[in-house]
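The working numbering numbers the first residue of the sequence shown as 40 and each following residue consecutively.
Just so you know, even glycine gets a beta-carbon here, dropped at the ideal spot from N, CA and C.
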Amino acid sequence: FSPPGASYGVLPRPCHALVLLNPQSGAGRALDDFHAVVQPMLADADITPSIFITERPHHAQEKMRDEDLSQWDTLVVMSGDGLLHEVVNGLMERPDWEEAMKKPLCILPGGSGNALAASINYYAGNDHVAKKKLLTNCTFILCKGLHTQMDLVSLSTASGKRFFSFLGFGWGFIADVDIDSEKYRRLGNARFTLGTLQCLARLRVYQGRLSYLPAGPEHGGAPPALPEGGTEGALPADSLLVPLGQPVPASWAVVPEEEFVCVYAIYQSHLGTNLLMAPAARLDDGCIHLFYVRAGISRVALLKVFLAMGRGTHLDLGCPHLHHVPVRAFRLEPRGSAGVMTVDGEALACEPVQGQVHGRLCRIPRARPSLPPTQEPPPPPLAIALRGRGHLA
Ligand SMILES: Nc1ncnc2c1ncn2[C@@H]1O[C@H](COP(=O)(O)OP(=O)(O)OP(=O)(O)O)[C@@H](O)[C@H]1O
């Protein structure tokens, strides 16, 4: 499902892809997996990769800021979600960001969480898979070449920082698991299981005020990303937000309780390879899926929520402490600066933050939407070629 007006494009053939690869991501196997799994499939699909290996944090962001993009048909990130966050924000720092964001971005799972890759696999209607199978599925979606639009969320902090985020913003339990488990990254996805158990053992309560603009039909769709002050080259204006020093507008809701175990605003279906947090989320649904867990939940109940999230059934538990609200914008004002926040899995100092969705701000590969059987066209020649070589069942 996509709201009306989604625009599709197809990668040209031959296709030139810049592949940004973090050799340290996840268990450190991204480069080996690229050569073993990805490269042969790209060759069959007439996609020529040029590999750029990142050497340090912010390397990909700097490259995207200055790169001559005209030589590439697509930008591929073979890493975790953190490197794509750098790529998106590097592109948004360019004076020609509007043009730059038309370049299709692709994620191939090489990290430990791989939430966007798992989401794209889910939107394609594929079975839940992980590791090499997820990599094969995502590479195959890239090889087919269809791309469409994806929403981004603009996040602003009290200290004046602004980020563009494609996955989620977290505070409390999930953010702590994400950051505290960094030291176990060699374990791959298992780092989150270990981190969850450790954070459960010392379950904390976080104090602050949470407000949001609900995404009901009366609030309309996601606002189009118009430049600030209508000036060409200016970043998209956050038309739903008022400055952090002012009270939220009257159309917003304020959560009456101010003690939380966790706040997580997610805009994709998956929080990690094995965590289906927002089953209804889609690439361009114009929605932020705001989840919060109020203080008072027992350790056992919280563990049950995370176990059920593996199948996306956590909301069916009827847990009175767990809340889910589809919103267009939110504000979080933590009391105090202790602790950590995350944007797309990357750490952020704890301070007041607000964000709003910007509809269809970038492009991303997507499997062909399924048509009723009578309209189903024959498979394209590429699919036949890949099937012949055994890449496609
Ligand atoms: N060569 C490098 N050495 C160390 N850090 C790097 C290097 N290249 C990039 N980075 C940094 O590592 C961060 C995390 O990488 P990434 O998200 O790709 O992997 P991950 O943390 O294993 O995956 P996930 O986000 O799925 O958990 C990136 O934000 C980037 O700043």
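query                                                                                                                           : result
Cut-off 7 Å between Cβ atoms - residues of its own chain near residue 166, not counting five sequence neighbours on either side : none
DSSP-derived helix/strand/coil call for residue 301                                                                             : strand
Alpha helix (DSSP H) segment containing residue 98, residue limits                                                              : 98-105
Distance between beta carbons of residue 307 and residue 158, contact taken as under 8 Å                                        : 4 Å
Residue 145 - partner residues in DSSP beta bridges                                                                             : 115
DSSP-derived helix/strand/coil call for residue 76                                                                              : helix
Exposure label - residue 161; buried when at least 16 CB within 10 Å                                                            : buried
Nonlocal neighbours in the same chain, by C-beta distance under 6 Å from residue 351, ignoring five residues either side        : 315 and 318
Beta carbon of residue 186 nearer than 7 Å to that of residue 402                                                               : yes
Buried or exposed (CB count within 10 angstroms, at least 16 for buried), residue 142                                           : buried
Residue 6 Cβ short of 6 Å to ligand 1 heavy atom set                                                                            : With the chain represented from 40 up to 432, any question about residue 6 goes unanswered, as that position is not in the structure.
Straight-line gap, residue 290 to residue 92 (C-alpha atoms, nearest Å)                                                         : 47 Å
Residue 370 versus residue 293: straight-line alpha-carbon distance, rounded                                                    : 9 Å
Per DSSP, the bridge partner or partners of residue 371                                                                         : 249 and 392
Spatial neighbours of residue 184 in its chain, beta-carbon cut-off 6 Å, leaving aside the 5 residues before and after          : 49 and 50
Residue 335 beta carbon less than 7 Å from that of residue 194                                                                  : no
Whether residue 328 touches residue 154 by CB criterion (7 Å)                                                                   : no
Nearest-angstrom Cβ-Cβ length linking residue 29 and residue 197, presumed shorter than 8 Å                                     : There is simply no residue 29 to check, as the chain begins at 40 and stops at 432 in what is shown.
Cα-Cα separation between residue 258 and residue 248, rounded to whole angstroms                                                : Since pLDDT at residue 258 reaches only 48, below the 50 mark, its modelled position is unreliable, and no value is offered.
Distance between residue 230 and residue 344 (C-alpha atoms, nearest Å)                                                         : 18 Å
Where the beta strand (DSSP E) containing residue 326 begins and where it ends                                                  : Where residue 326 is concerned, there is no enclosing beta strand (DSSP E), given that its DSSP letter is neither H nor E.
Limits of the alpha helix (DSSP H) - the one that residue 217 falls within                                                      : 212-219
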